[in-house]
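Structure first, then comments.
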Ligand code: SF4
Ligand code: SF4
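In our numbering, the protein residues as written are 7 to 96.
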């Protein structure tokens, strides 16, 4: 299983970041999420980065954050309202 990201569908709502951090840390803290949405609001561009698959993210202490695909049930894909994140079965 892997995740496929379609940047063109992302509207920057941040739900994926929130649900990921909630699952990982039991708090709404996107700085500890394994997915981060880069926002270029002036250009209307939003780019979800999933660590380590599409870029490596670090937590505030500088440690790598690694997506574990939620143990087989990716929550970010589940909550994304625009199907910008999809589960692909290999
Ligand atoms: S699959 Fe789970 S751990 Fe990976 S980025 Fe999505 S919510 Fe976070
Ligand atoms: S939940 Fe979907 S639309 Fe919202 S920021 Fe994440 S990838 Fe983009």
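Using N, Cα and C, we set each Cβ at its ideal position, and we do this for glycine too.
In this structure residue 66 is exposed. Its beta-carbon is surrounded by fewer than 16 other beta-carbon atoms within 10 angstroms.
In the structure shown, residue 54 adopts extended strand secondary structure according to DSSP, grouped into three states. With fewer than 16 other CB atoms across the displayed protein chains lying within 10 angstroms of its CB, residue 70 is exposed. According to the DSSP assignment, residue 29 belongs to no beta strand (DSSP E) but to the alpha helix (DSSP H) extending over 21-31.
DSSP places residue 80 outside both helix and strand once states are collapsed to three, so it counts as coil.
The beta carbons of residue 83 and residue 63 sit no closer together than 9 Å. At a cut-off of 8 Å, the beta-carbon of residue 38 does not count as near ligand 2: no heavy atom of the ligand is closer than that. Rounded to the nearest whole angstrom, the CA to CA distance from residue 46 to residue 20 is 13 Å. Note: residue 42 is bridge-paired with 55 in the DSSP secondary-structure output.
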